[in-house]
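Written out below as structure tokens is the structure these notes cover.
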């Protein structure tokens, strides 16, 4: 009977760990939902821009380029230009 009573009452550290784990999981779930909402909003903006005559592929490329460090972007552009020149595309 002593073992069953011990199993029913949790140690404070165990209860704290369970509560902390539950809190972490709930925060992750909430953030995942926010991420989905933001993703849907971004998709809507691209659809709106397409409806206004903008090229979505170009917009995505510009967003990607603006995220890059200016030095990295310049280096990538130089490499691309070099390759295009070597292939006679310029």
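Residue numbers (the working numbering): 34 to 123.
Cβ atoms here follow ideal geometry from the backbone N, Cα and C, with glycine treated the same way.
Residue i (DSSP reduced to helix, strand or coil)
i, result
"residue 87", "coil"
"residue 123", "coil"
"residue 67", "helix"
"residue 42", "coil"
Boundaries (first-last residue) of the alpha helix (DSSP H) holding residue i
i, result
"residue 115", "103–119"
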